[in-house]
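To keep things clear, I will list the structure first and then write my remarks on it.
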Amino acid sequence: MDLLKLKGTPRQVGRDFGEAYRDGFRFLNELAHTVASERPHWLGELPVLAEALRTYLPRFWDELVGMSEGSGLSLDDQLLNHRYGLQAEAGCTNVAFLDVPSGPIFGKNLDLQPNPVWPFIIRWVKYENGDEIVHTTWVGDIMARETCMNMHGLTVGGSSVGSVFQQSLDHPSIDASIYSMICSCRSTPEAIRFIQRHAHFGKGYNFVLVDAQGEGVVLECACPLVQVRRREPGEDAIFCTNIYKLPALLRADRRTPEGRRYSELRYDYLTRKLFEERMPRTVEQMQALLSAHGADGGLCRPINEGDYSRTRFSIVALPAERQLWLADGRPCDVPFERYI
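In the working numbering, the protein residues as written are 8 to 347.
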C-alpha cells in the first residue's frame, strides 16, 4: 500500500494530496455521481454540509478546499466525495488489548463487499502547528474512521453500524469530527470531551479509541448521539463490530439480518478468545486473531462459505511506541509489514 508523506498547512496538505492522486480523486467522484443520481437530494445538501464544516471544523474545511485545488475537481465535486463517504458501508472489526506492560496493542480488519474497487493509501501528515498523524484513507477524501494514530499515540478505528435517529446537516459530519479529534487530542478523556461537544451527521459507527497509557473505550456514535461504552471490571480488552452494545442503542443500527448475524459471530468470537480462553495479549496473538477464520470462527473474512464480505486489509498498531503494521489484503494470505 502506498505511504504518502505530507506536511504544511491543511490547505497545502490537501493540495499535495489531490495533486498526487488526481486520477483517484476523479475515480471516486465518478462513483459518487453514480450514487448521487439515485439520491438527487445530495446535491442540494452540499451548501449546508459546507457551512457546517466551515463553522465547526475550519481546518478540515481548509484541507478539503486544498484537495479540490490539487485534484482539479470543483469544490462541489469534492464535497460530493465527502458526502458519498458518509454513507459508504463496510463491515469492520476493531480491538485493543489494554493492560499490556509494554503498552496497549490495537488491531483492525477493514471488511468490504467482494471485489471492492476503492483504492486505499496510508497518509503520514505533519501539520504546520505541530500536529502529526498517520492514517489509512481511501483516495479522494479525508478518512479517519478506518485507522488513525497521532504523535501522542492516541489511536482510533471504526466499524460501520448505521443509525435510526433523525439527523441534521447543520451538524458537522462524524467523519470530519473524528479526524479533527485525532489531530488535536492527546488522551482518551480529552478525545471524549472533544467528540461530545457537538451532535453529528453521518451513518453511525462504533469506534475503538485507545491512548498510549492504555485507557480505551468504544464510542457508540448513533448519529447524532455519541455514547461511551467502557470495559467491564476485570476486563483487559475492548472491541467492537457492526452492532451497538449499550442497552439504549441495541436496536439503533441499520444492519441487515445477515450483517447483524456476522457482527454477532465476530463479537462472540472475541468474547470467547479474550475472556474465556484468555489468549495471550501479544502482537503475535493480535495478528493471529485478525487472521483467523474457519470452523472455529474468526475475524478474517469470509469467515465461512456463507460470508458475503471480504477483508481488504488488516492493521496492528502499538500506540505507546508509535508503530504500525499493515497486511495489504486478507491477513491469512499476506504478511504484516511495518510502515511506521
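Virtual Cβ for every residue (Gly too), placed ideally from N, Cα, C.
What are the residues that DSSP puts in a beta bridge with Arg-130? Beta-bridge pairing links Arg-130 to Leu-11, His-142.
Cutting at 7 Å between CB atoms, please list the residues of its own chain near Leu-216, excluding the five before and the five after it. Here the set comprises Val-163, Thr-195, Ala-198, Gly-223, Val-224, Leu-226.
Per-residue burial, Arg-18 [other beta carbons within 10 Å of its own, 16 or more giving buried]: With 16 or more other Cβ atoms within 10 Å, it is buried.
Check each candidate in Asn-36, Thr-143, Leu-93, Cys-99 and name the one with the smallest Cα separation from Thr-318. The alpha carbon of Thr-318 has as its nearest neighbour, out of Asn-36, Thr-143, Leu-93, Cys-99, the alpha carbon of Cys-99.
Sequence-distant residues of its chain with Cβ nearer than 6 Å to Asn-213 (five each side left out): Close CB contacts of Asn-213 within its chain, under the 6 Å cut and outside five residues either way in sequence, are with Ser-166, Val-168, Val-225, Glu-227, Cys-247 (chain order).
Can you name, in chain order, every residue of its own chain whose Cβ lies under 8 Å from the Cβ of Leu-87, other than the five neighbours on each side? Apart from sequence neighbours up to five positions away, the residues of its chain that approach Leu-87 with a beta-carbon distance below 8 Å are Asn-36, Ala-39, His-40, Ala-43, Trp-49, Leu-50, Leu-53, ordered along the chain.
Could you give the uninterrupted runs of the beta strand (DSSP E) lying entirely in the segment 99-126, keeping only those of 3 residues or more? If we require 3 residues or more, the beta strand (DSSP E) runs fully inside the segment 99-126 come out as 100-104, 112-119.
At what residues does the alpha helix (DSSP H) containing Val-55 begin and finish? Note, Val-55: alpha helix (DSSP H), 48-63.
With DSSP as the reference, identify every bridge partner of Glu-227, one or two as the case may be. For Glu-227, which the question treats as bridged, DSSP gives the partners Asn-213, Gln-234.
Glu-153 bridges to which residues according to DSSP? For Glu-153, which the question treats as bridged, DSSP gives no partner whatsoever.
Which first and last residues belong to the beta strand (DSSP E) in which Arg-319 is found? Going by DSSP, Arg-319 is part of the beta strand (DSSP E) stretching over 317-325.
Might you give, ordered along the chain, the residues of its own chain that have their beta carbon closer than 7 Å to the beta carbon of Cys-232, omitting 5 neighbours on each side? Position check: residue 232 holds Leu in this sequence, whereas Cys was assumed. Closer than 7 Å at Cβ, skipping near neighbours: Phe-172.
Which residues DSSP lists as bridging Cys-247, in chain order: Cys-247 is bridged to Asn-101.
Given that a residue counts as buried once 16 or more other Cβ atoms are within 10 Å of its Cβ, and exposed if not, what is Arg-268? Classified as exposed, Arg-268 has fewer than 16 neighbouring CB atoms from the shown chains inside 10 Å of its CB.
Beta-carbon separation of Phe-32 and Gly-25 under 8 Å? Taking 8 Å as the Cβ cut-off, Phe-32 and Gly-25 qualify as a contacting pair.
Assuming Arg-29 and Gly-160 form a contact by the criterion Cβ under 8 Å, report the distance between their Cβ atoms to the nearest whole angstrom. At roughly 33 Å, the Cβ-Cβ gap does not stay under 8 Å, so Arg-29 and Gly-160 are not in contact.
Just to confirm the assignment, what range does the beta strand (DSSP E) spanning Thr-162 have? In this chain, the beta strand (DSSP E) harbouring Thr-162 covers 162-167.
Need the endpoints of the beta strand (DSSP E) that Leu-296 sits in, please. Premise fails: Leu-296 lies in the alpha helix (DSSP H), 290-298, not in any beta strand (DSSP E).
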